[in-house]
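One structure is given below, encoded as structure tokens.
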Amino acid sequence: MIAGPGEVEVPVFPDLELTIPDGQGMSWLQFEEVMHKYQSSSAGYGLLERMLYVDTKTWLPDDLLVKADKMTMANSVELRVPFLDHKLLEFAAQLPRDQKVRGLTTKYLAKKALAKHVPDEILQRRKVGFPVPYEAWLRNDLRNWVNGILRDSKTVSRGYFQQKTIENLIQRHQLGAAYSKEIFALVVLELWHRAFIDGQAGPLESAPTQAHTAVAL
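In numbering that gives the first Met the number 0, the protein residues as written are 0 to 216.
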């Protein structure tokens with residue numbers, strides 16, 4: 000959904016429930032059913048334990064580990080996740096709540112155990128994850144490439160996107176709004192469609208060399 004101050008939100012996609020064309024995708028209704036299932040099965044636990052349980056059953060295996068495995072394998076690196084050793088995980092799950100989170104300190108016991116071995120600036124720094132500089136790429140190096148894909152007649156003719164909203168999205172992003180991830184997702188969807196639905200032979204549209212170099216670094 001995209002809307003500025005005082006404007007009515009307009010969906011990027013004409014349909015709210017989207018599935019992959021072969022019918023194997025997950026609609027929002029199915030997603031809610033899955034979440035409800037795990038929330039219900041952990042109903043007897045505290046809020047923190049329920050949150051950790053749902054994350055362990057969904058976000059961890061279906062998002063974080065998938066991305067980490069794909070990215071490391073793509074670079075011939077064998078990934079290991081020692082904190083997910085089943086014995087350690089079972090031990091952590093049984094810890095009292097105040098040993099996991101104390102005040103605003105997360106991973107309390109782990110930080111306490113590592114205090115003599117890891118510098119304080121590492122233990123106490125803010126969580127940053129693995130951010131990708133989408134915004135700078137799409138607003139500068141990849142600007143023309145993105146515009147060419149999202150405004151291409153082939154893309155528009157599919158009817159997947161409400162083109163006026165796409166144009167609005169691109170313009171606002173160039174003016175400073177934070178829509179980089181949305182734009183990137185739309186580009187990836189179109190390239191995926193060309194490769195796996197259209198069966199386009201040969202290489203797809205290549206991004207500028209400078210951007211590829213940035214990814215490698």
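For each residue, glycine too, the CB sits at the ideal point set by N, CA and C.
Please read all numbers here as calculations on a predicted model, not as lab measurements.
Looking at the strands, I want to know which residues DSSP matches up with residue i.
i	result
ARG101	THR104
Alpha carbon to alpha carbon, how far is residue j from residue i? Give it in angstroms, no decimals.
i	j	result
VAL155	GLN162	7 Å
LYS86	ALA92	10 Å
ASN143	THR55	40 Å
ALA112	ILE165	50 Å
ARG49	GLY198	43 Å
ALA168	LEU94	Residue identity check: residue 168 is Leu in the sequence provided, not Ala. Approximately 46 Å between the Cα atoms of the pair.
GLU89	TYR133	37 Å
Nearest to residue i by CA position, among the options, is which residue?
i	options	result
VAL186	VAL145, ILE165 and ALA194	VAL145
PRO305	LEU63, ARG171, PRO95 and LEU103	Here the chain comprises residues numbered 0 to 216, so residue 305 is not present and cannot be evaluated.
PHE160	GLN29, LEU174, ASN139 and LEU188	LEU188
GLY175	ALA184, ASN139, SER152 and ARG150	ASN139
Would you decide whether residue i is buried or exposed? Buried here means 16 or more other CB atoms lie within 10 Å of its CB.
i	result
TRP191	exposed
PHE195	exposed
ILE148	buried
ILE182	buried
HIS172	buried
PHE82	exposed
TRP136	buried
SER179	buried
GLU32	exposed
LEU47	exposed
LEU103	exposed
LEU141	buried
Just list the alpha helix (DSSP H) runs in the region 83-161, keeping only unbroken ones of 4 residues or longer that don't cross its boundaries, in chain order.
85-92, 96-99, 107-113, 119-122, 133-138, 142-149 and 152-156
Alpha helix (DSSP H) runs wholly inside the region 43-85, at least 4 long, in chain order:
46-56 and 64-73
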